[in-house]
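As they're listed, the protein sequences go chains L and X.
When we follow the numbering used here, the leftmost residue of the first sequence carries the number 16, and every step to the right adds one.
When we follow the numbering used here, the leftmost residue of the second sequence carries the number 878, and every step to the right adds one.
Heads up, the thing below is written out as structure tokens.
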Amino acid sequence: MNLHLIVEVLPRLLEGMFLTAKLTAASVAFGLLIAVPLALLRTSPSSVLSYTIFLYTFVFRGTPLLVQLFLIYYGAGQLEWIRSSAAWSILRDPFWCALIAFSLNNGAYTTEILRGGIRAVPSGEIEAAKALGMSYALRIRRIVLPAGFRLALPAYANEVVLMLKASSLASTITLMELTGTARKIVAQTFSPYEVFISAALIYLGFTFLIVHVFGRLERHMAKHQQRAKLKNNSRSHRRAAAKISASQKVAS
Amino acid sequence: MNRFKLPLSFLLAALIFGQARAGDGKTIRIATEGASPPWNSVDTSGKPVGFDIDVGMALCERAKLTCEFATQAWDGIIPALNVGKFDAIMAGMSITEKRQQVIAFSKPYALTSNYFVVRKSLGLAEMASHLKVNLSSQAEEERGILQGLKDALKGKIIGVQGSTNAEAFVRGYFGDTVEIRTYDKQDNLNLDLVAGRIDAGLADYSVWKAFLESKDGAVAALYGPRISGGPFGPGVGIGLRKQDKDLAERFNGAIEAIEADGSLKAISLKWFGADLVSN
């Protein structure tokens, strides 16, 4: 083990680090764009819609991401009619192939995570919204999605961390992201320990960032519950009671 | 998912047999890549076959060693040798200074002859492929040929197998004028060359031969001179641990013997259809 080498290798991994960050952020963003409407369709009362979306999530959750990536990258390149179509300008580029595979995969998992959150929204809240005369769209926007997303958040944070690590598969289709760059440096220096430890440290840094951001988001979205707790604790009870007796004195 | 099974089985083998030590009585475990025909590949039953394997078996017979071949991914092949999972590497590996810092080599048992292959649809200006460039010689004429090649390939996307001499050469000589994509396997590079994701590739003649003769390979052709020397080194040798001096000597003696009696040349003709072993 050569600590000096770890320090030396870190800056060389920077370029790969940026690609990893870009791939993960873009895949998670597109994945969420796919997942929100699909999760709503998946929980809709129509069994045809729900079953169709289930088929998509089943296929993408039921096969390895590596296989999906190879099918999109090498599979598409084999077919003459794809190569001569307009889509080839996108599928020719390894970055887009990785982005498509990752987004579809991440979207499938996120759909199921959001479905769980939406299902867990208390039916009382939805009935109350109905009783107030809210339309379907308004109900979804004000009640179902915010409450469902809050319930799904811990599982979703987990999925984002998994996506970060899954992005290392991009190195198999010529994209030199963090793991790919690390492997290249290993092949040049023949010191796997030091180089992979450096790469692992960077992944840990990213994961720390993601966990931290989602932690804050979770606290932010649970603000109304914190206020409720504050009212119930004994000190504020006494203060409230003192206020009431004071006002009674004034009144009498 | 052989990718994952293989390292696991090696780990198991290493646990069961302990660190195999090179020497008498014991089986010499030779690592090969199994993905660079005709040097080495795996047949339908998963057994390694190819030039490396035939030469290795001939050498072991001469040196009176018991040998067995196993496959190991290219980018982990040197660490696997050094930690004792294998006793030797025969995987079309060129002898280079960088590799010699971590492992030892036998004397070369084959030469290297690298060529560019380009897609025919690119319509590049003709460039004869009978010319030879030795990067170590620095002759005026050879530098002119290399400059011509650089001008012709300007702005193109070049594929190379990662962590190879070909990558080192392309980065060193053409890095500022071309885009470089690295592949883990030559097969994948070939697929992308056919699909048009890359315009050209650089690899050893023996690797291209199998591809150009295949149906897919019809879209591409050899381009420019034969390139050797420089980063490509003196040739292909057996990779060994530095401390196994006795094993190196036995292999060197055996290489001289099969060179002298013509059986090395016969194996080269069998697999490459050409003599890649004589200077």
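We put the CB at the ideal spot given by N, CA and C, even for glycine.
Asked, Found
"Cross-strand partners of X/Leu1099 (DSSP beta bridge)", "X/Val994"
"Sequence ranges, alpha helix (DSSP H) only - wholly within the stretch 31 to 90 of chain L, length at least 4", "62 to 77 and 80 to 85"
"Coil, strand or helix - X/Asp1064 by DSSP", "helix"
"Classification of X/Pro914 by the beta-carbon crowding that lies within 10 angstroms, buried from 16 upward", "buried"
"L/Met16, buried or exposed, once every other Cβ within 10 Å from all chains shown has been counted against 16", "exposed"
"C-alpha distance - L/Pro60 paired with X/Gly1039, whole-angstrom precision", "52 Å"
"Contact the stretch 1110 to 1118 of chain X vs the stretch 974 to 992 of chain X: 3+ CB pairs below 8 Å", "yes"
"X/Glu1003 - DSSP class collapsed to helix/strand/coil", "coil"
"Neighbourhood of X/Gly900 by C-beta distance below 6 Å, restricted to the same chain and skipping five residues each side", "Residue placement at X/Gly900 cannot be trusted, given a pLDDT of 46 that sits under 50; the coordinates are not used to answer."
"Contacts around L/Ser183, its chain only, beta-carbon distance under 8 Å, and the 5 residues preceding and following it disregarded", "Thr35, Glu192, Leu193, Thr194 and Gly195"
"Neighbour flag for L/Asn17 against chain X, beta carbons, 8 Å", "no"
"Neighbour flag for L/Thr78 against chain X, beta carbons, 8 Å", "no"
"Three-way DSSP call (helix, strand, coil) for L/Glu23 in this model", "helix"
"Of the listed residues L/Ile68, L/Thr78, L/Ala101 and L/Ile115, nearest to L/Ile87 (C-alpha basis)", "L/Ile115"
"X/Ser971 - partner residues in DSSP beta bridges", "X/Val1113"
"Bridge partner(s) assigned by DSSP for X/Gly1036", "X/Arg1058 and X/Gly1078"
"Beta carbon of L/Leu47 nearer than 8 Å to that of L/Leu56", "no"
"Backbone secondary structure at X/Met878 - three-state DSSP", "A caution first: X/Met878 carries a pLDDT of 46, below 50, which makes its placement in the model unreliable, though a value can still be read off. Correct three-state label for X/Met878: coil."
"Any C-beta of chain X under 8 Å from that of L/Lys199", "yes"
"Length of the line joining the Cα atoms of X/Thr1054 and X/Gly1025", "13 Å"
"The ligand NAP heavy atom lying under 7 Å from the CB of L/Trp96", "Questions concerning the ligand NAP fall outside what the structure shown contains, since it holds no ligand whatsoever."
"Minimum length 4: unbroken alpha helix (DSSP H) runs contained in the stretch 904 to 953 of chain X", "928 to 940"
"Where the stretch 1072 to 1091 of chain X meets chain L: residues whose CB sits under 7 Å from a CB there", "Ala1072, Gly1073 and Arg1074"
"DSSP beta-bridge partners of X/Ile966", "X/Ala908 and X/Gly1116"
"Partner residues on chain L for X/Val979, Cβ-Cβ distance less than 8 Å", "Phe205"
"Separation of L/Val176 from L/Phe223, as counted between CA atoms", "9 Å"
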